[in-house]
Amino acid sequence: TQLTKRKDHQGNGLLFIEEIILKNKKGDQVNEIFIGDYLEIEFIFTKNINVDMSKLIVSCGFEDTYGNRTNEWISDEMQHDFTKNRNSIRLIIPSLLIRPNNYFIHYKFMLGTTDPKNIADSLHFAKQIHIMPYSLFSESMNLKEGRGHEAIVMAKFI
């Protein structure tokens, strides 16, 4: 289902996510990657002309098929500058080290603070991605042994 047709968006609508595009390191659109691979999550949006992008806070994360949150990236805890972004924001993850599984992406775009009244757009189960355990063509890390429930994954918003 296209995001624009979904009826379960929450927020004041000052900024609205129309599409989420997942890309690999080559810039190809993907729906699955191997453990440890590069991932770019691009949020395409429309916004009210009065939206001050310097006040934008973006939260994005993964949920498993049971709705358990496994990872979360929040822009106000990371270096970022959204003032040059016109209609898209990208989250760059150089190496996604999480367990093989099917995950759903959720997001929340807020203006000014994380107070619920400042949510511009929020959606759960917005996009699905499949993380595969290994590549037949290259060696990858086995995350089943000696790892906790959540991994620390380096990333940056641009």
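Numbering (the working numbering), first residue to last: 39 to 196.
Just so it is clear, CB atoms sit at the ideal spot from N, CA and C, and this is done for glycine as well.
Euclidean distance between Cα positions of residue i and residue j
i       : j       : result
Glu-80  : Pro-171 : 24 angstroms
Lys-165 : Glu-78  : 13 angstroms
Asp-102 : Ile-71  : 16 angstroms
Lys-64  : Gly-51  : 33 angstroms
Asn-140 : His-47  : 22 angstroms
His-144 : Pro-154 : 16 angstroms
Gln-67  : Thr-152 : 31 angstroms
Phe-83  : Phe-163 : 17 angstroms
Ile-58  : Asn-86  : 19 angstroms
Contact check, residue i vs residue j, beta carbons under 7 angstroms
i       : j       : result
Phe-120 : Met-91  : yes
Phe-54  : Ser-113 : no
Ala-158 : Gly-74  : no
Met-192 : Pro-138 : no
Leu-60  : Ile-167 : yes
Residue i, DSSP secondary structure in three states
i       : result
Lys-43  : helix
Met-91  : helix
Lys-64  : coil
Leu-52  : coil
Met-170 : strand
Ile-79  : strand
Ile-58  : strand
Element boundaries [beta strand (DSSP E), containing residue i]
i      : result
Ile-71 : 70–72
Item checked: beta strand (DSSP E) runs contained entirely in the stretch 102–168, provided each spans 3 or more residues -> 107–112, 126–131 and 139–149
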